[in-house]
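Residue 1154 is where the sequence shown starts when you use this note's numbering, and the numbers rise one by one after that.
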Amino acid sequence: FGAFCSLANEEIGLTLFTALIYDKAGATVRRAWSNSPRLFPIGSVSPVPNPASYEAGLKVINDRQGIIEAFPHHEAILAVNCESSLALPVVVGRQFLGTLCLLHRAGHFTPDRVKRAQGLMVPGTVCFLIEQRFGSRAR
1154 FGAFCSLANE EIGLTLFTAL IYDKAGATVR RAWSNSPRLF PIGSVSPVPN PASYEAGLKV
1214 INDRQGIIEA FPHHEAILAV NCESSLALPV VVGRQFLGTL CLLHRAGHFT PDRVKRAQGL
1274 MVPGTVCFLI EQRFGSRAR
């Protein structure tokens, strides 16, 4: 995930990045990786209040209010001046594995950046598959 974070930063820019592995049965996500582990600890688990919405696909938020509405831990996100997010879904076959979540300043995720970010979904999916197979041994 570290290499993916660097690639995503070069391609579209980011302030925060987390990889979230979805547990459908438990309606939770587990943070597999973060470029800011003190703020967003690796291994931490959070509830998913609306699983159907979480699995819905690519999501773009470009303002402070959207961050407040979408993230239960929005105070921590806003504290580091992130007011936009791009959630890239990771799906293999028909199985939703989780989300690559990129955050940046307000308005950052323009249509052009979102289009370029879609090209990151294959390397992001490979990261999820490596994590699934090897877990922390791959880090």
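Just so you know, even glycine gets a beta-carbon here, dropped at the ideal spot from N, CA and C.
Beta bridge counterpart(s) of C1254 as assigned by DSSP
Under DSSP, C1254 forms a beta bridge with T1171 and A1240.
Closest to F1157 by CA distance: which of G1179, H1227, R1286 and A1185 is it?
Checked all of G1179, H1227, R1286 and A1185; the closest Cα to F1157 is A1185.
What is the DSSP secondary structure of F1249, counted as helix, strand or coil?
When secondary structure is reduced to three states using DSSP, F1249 falls in the strand class.
Which residues DSSP lists as bridging V1279, in chain order:
DSSP output for V1279 lists no bridge partner at all.
How about A1240 and T1252: do their beta carbons lie closer than 8 Å?
Here A1240 is near T1252, since their CB atoms are less than 8 Å apart.
Please name the residue, chosen from A1223, L1169 and S1206, that lies closest to R1191 on a Cα-to-Cα basis.
R1191 has its Cα closest to that of L1169, out of A1223, L1169 and S1206.
When we look at the beta-carbon of S1159 and count the other beta-carbons within 10 Å, is it buried (16 or more) or exposed?
S1159 comes out exposed.
Among residues of its own chain, excluding the 5 on either side of S1187, which ones have a beta-carbon nearer than 6 Å to its beta-carbon?
Counting only Cβ-Cβ distances below 6 Å, and skipping sequence neighbours, we find T1171, F1193 and I1195.
Note the first and the last residue of the continuous alpha helix (DSSP H) segment covering P1204.
Annotation for P1204: the continuous alpha helix (DSSP H) segment containing it runs P1204 to Y1207.
Looking only at C-alpha atoms, which of N1215, D1216 and A1209 sits nearest to V1244?
Per the Cα distances, A1209.
Quick one: what does DSSP say A1185 is sitting in, helix, strand or coil?
Strand.
Pick from F1287, E1284, G1277 and G1288 that is closest to N1162, judged by C-alpha positions
If we check each option's Cα against that of N1162, G1277 comes out closest.
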